[in-house]
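Structure record follows, encoded as structure tokens.
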Amino acid sequence: MRRQIACAAALLAFGTVLTGGGVAAADSAGPSGQVATKGAFKCEEWGRTGVTDRRTAVHVGLSSSSKVVGYLAKGERVKGYYRCTNSAGNIWYEITGDVENSPRFIWSGNV
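Counted the way numbering that gives the first Met the number 0 counts, the sequence shown spans residues 0 to 110.
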């Protein structure tokens, strides 16, 4: 429950235009901000904000089939700390700033 509240608070920070830089990915540290992720995906530091254009599921992984831990209402401001691309080439935003321990993702098509 505490994680869902933190997730919702992080999402409230996500303005209309997305902006960012740097590279990250989770598990083992890599060169200059990169981290190797759990599973087949890569992430880069993003730090941009946006607004959800519909009710948006918050997932524990970078796939629509991953567990949903909450929802954001249409019009929620959210911050994408990381911009991640999964093995299928789909883009997801990590919204808690914690890509290594217990990340939360939203699909980029909803922002």
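The beta carbon of each residue, even a glycine, is placed where N, CA and C say it ideally should be. Computed from a predicted model, the values in this text were never measured in an experiment.
Original post:
Can you tell which of Arg54, Val67, Lys73, Leu61 has the C-alpha that lies nearest to the C-alpha of Val98?
Top reply: Leu61
Original post:
Between which two residues does the beta strand (DSSP E) harbouring Thr84 extend?
Top reply: 76-85
Original post:
Measuring CA to CA, which of Asn100, Val110, Ile94 is closest to Gly46?
Top reply: Ile94
**OP:** Provide the residue(s) that pair with Ala56 in DSSP beta bridges, ordered along the chain.
**Re:** Tyr70
Original post:
Three-state secondary structure (DSSP) at Gly88?
Top reply: coil
Original post:
Where does Gly96 fall in DSSP's three states?
Top reply: coil
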